[in-house]
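Here's the structure, in structure tokens; my notes come after.
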């Protein structure tokens, strides 16, 4: 537990700063271009390269490449050095080609991901932005492979801190646009405005990749292009990765449906389309990104080694510790998101081109997403159990089932709900689907590992929820008192709600959890106290 805490703390610190600067990035974005037509066009174009990377690389990295690099380090005479160089060479060559093809196919991609008519101003603006943003595919992919190599060497700092530079670059770009650009009116923007937004976004990814490559050099990795792909074990990677790619294809089809439905809702109600979905989802991912990703990144290489050495007890222990550690903070945060959603989003998004009402709607979507936080985190941990065994097929079926349920519920809610509530319905479908998906994944993973310690984990989660109830009540009371005394949730009122309901609420949770002797919370508090003491 202590080793996991130390590794996770290093990553969590970097991720925390990254997410804080990410907050600033989205604040400036909403201030500069808003969440209506121009904001929707930008967010649609911005989402496409991430979808392509998920399809081609990022899912394979966590499920296939990391375990294969670990095995190469353990069994190859050179400690896996040549294998790592082959992977980086191959990824660079493939992604450069993909970036070129994607730029040429930008109109088709925008058509696939939105419900906008070809020739409309939103469509044409999205295409132009995509052509400026899609070149980042090559640089993002190179950085992702470099980060995977660093993680297998237990060097977690650079991959978690590099996105900070990316955010700072993009913040400067949006500040520049707010000063010299044409504002949020999509009819008024020029090609130069779109180039500033798009190429500036790509420049942030270039800077992030450079940081990771420099970090590789500092740990003794010298890159030498190797085109002997026959020795890259592509056959083994393909056999394992085909199922992961299948899983990513399924999830991306679900994402494509989501963006189409959200863009359709945005056509009906301005400010209720892709942008509020994207911004609320980013905030929803924040706790998982800070806590969950840090723990999972540290957990997967160790779990893969334990599986390779036949130590199933260690696999169960690693999984149980990870779930309890993540949920010790995820549980109270999920409840606070459900209570304080608009108070979170108004200070961030209620400025400039974006109205307070638009920011409140983003907060309403975030409240619904709070339901999904714990099920989503547990679901992601469960997938890593299969990946540590080299099993990439089972997650495909689990993911396909989850995505199918999500898609069905999204369509049902979209049809039944008025357009102004459509994006909230998408969030609710997501929460229900991942809850059911976590149950299915748990059942299958438990059979694989011969038990996951469900009783122990369930008892721990129950105690965490009980410890969080006073925090939720305090948050509700704070919202009610502030709105009754001072009116709606403006900027200052939201800060008051966050300070009392959020800040004091979390301190109350820590105190109650400490009194209830929840071990994971006590470990976290003890670690922080020791660092402060030093």
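Numbering (our numbering), first residue to last: 20 to 553. Positions of the beta carbon are idealized from the N, C-alpha and C atoms, including for glycine.
query                                                                                                                             : result
At least 3 beta-carbon pairs within less than 8 Å: the stretch 177–192 vs the stretch 109–122                                     : no
Inter-residue Cα distance where the pair is residue 382 and residue 236                                                           : 43 Å
N-terminal and C-terminal residue of the alpha helix (DSSP H) that residue 350 is part of                                         : 331–368
Inter-residue Cα distance where the pair is residue 37 and residue 531                                                            : 30 Å
Whole runs of the beta strand (DSSP E) within the stretch 142–200, excluding any shorter than 3 residues                          : none
Burial state of residue 415 (16 or more Cβ within 10 Å)                                                                           : buried
Backbone CA spacing between residue 441 and residue 218 [nearest angstrom]                                                        : 32 Å
Secondary structure of residue 535, DSSP reduced to three states                                                                  : coil
Rounded separation between residue 213 and residue 147 - CA only                                                                  : 7 Å
Residue 483 beta carbon less than 8 Å from that of residue 11                                                                     : Limits of the chain in this structure are 20 at one end and 553 at the other, which puts residue 11 out of reach.
8 Å Cβ shell around residue 207 - same chain, five flanking residues per side excluded                                            : 201
Residue 466 - containing alpha helix (DSSP H), residue span                                                                       : 441–468
Among 180, 114, 278 and 151, the one whose alpha carbon lies nearest that of residue 39                                           : 180
Delimiting residues of the alpha helix (DSSP H) encompassing residue 103                                                          : 100–123
Close-in-space but distant-in-sequence residues of the same chain around residue 297 (CB under 6 Å, 5 per side omitted)           : 62
Residue 384 beta carbon less than 8 Å from that of residue 325                                                                    : no
Nearest-angstrom Cβ-Cβ length linking residue 580 and residue 516, presumed shorter than 8 Å                                      : Residue coverage of the chain in this structure runs from 20 to 553, which leaves residue 580 outside it and unanswerable.
Inter-residue Cα distance where the pair is residue 550 and residue 540                                                           : For residue 550, the predicted model reports a pLDDT of 48, less than 50, meaning its position is unreliable; a value from the coordinates is still stated below. Their Cα atoms are separated by approximately 16 Å.
Cβ contact check for the stretch 428–444 and the stretch 479–494: 3 or more pairs under 8 Å                                       : no
In chain order, each alpha helix (DSSP H) run of at least 4 residues that lies wholly inside the stretch 293–317                  : 293–306
Alpha-carbon to alpha-carbon, residue 447 and residue 41                                                                          : 25 Å
Where residue 135 falls, given that 16 or more other Cβ within 10 Å makes a residue buried                                        : buried
Cα-Cα separation between residue 537 and residue 475, rounded to whole angstroms                                                  : 12 Å
Secondary structure of residue 2, DSSP reduced to three states                                                                    : No answer is possible for residue 2: the residues shown for the chain start at 20 and end at 553.
Boundaries (first-last residue) of the alpha helix (DSSP H) holding residue 398                                                   : 392–407
Short Cβ contact (8 Å threshold) for residue 342 with residue 397                                                                 : yes
Limits of the unbroken alpha helix (DSSP H) element including residue 55                                                          : No alpha helix (DSSP H) holds residue 55; DSSP gives it neither H nor E.
Residue 427, enclosing alpha helix (DSSP H) - first and last residue                                                              : 413–435
Segment limits, alpha helix (DSSP H) that includes residue 212                                                                    : 210–237
Counted within 10 angstroms of its Cβ, other Cβ atoms place residue 469 as buried (16 or more) or exposed                         : exposed
Span of the alpha helix (DSSP H) around residue 377                                                                               : 375–388
Exposure label - residue 444; buried when at least 16 CB within 10 Å                                                              : buried
Residue 63 (DSSP reduced to helix, strand or coil)                                                                                : helix
Residue nearest to residue 395 in terms of C-alpha spacing, selected from 461, 363 and 115                                        : 461
C-beta contact flag for residue 133 and residue 278 at 8 Å                                                                        : yes
Beta-carbon contacts of residue 158 that lie in its chain and below 8 Å, excluding the five residues immediately before and after : 221, 224, 225, 227 and 228
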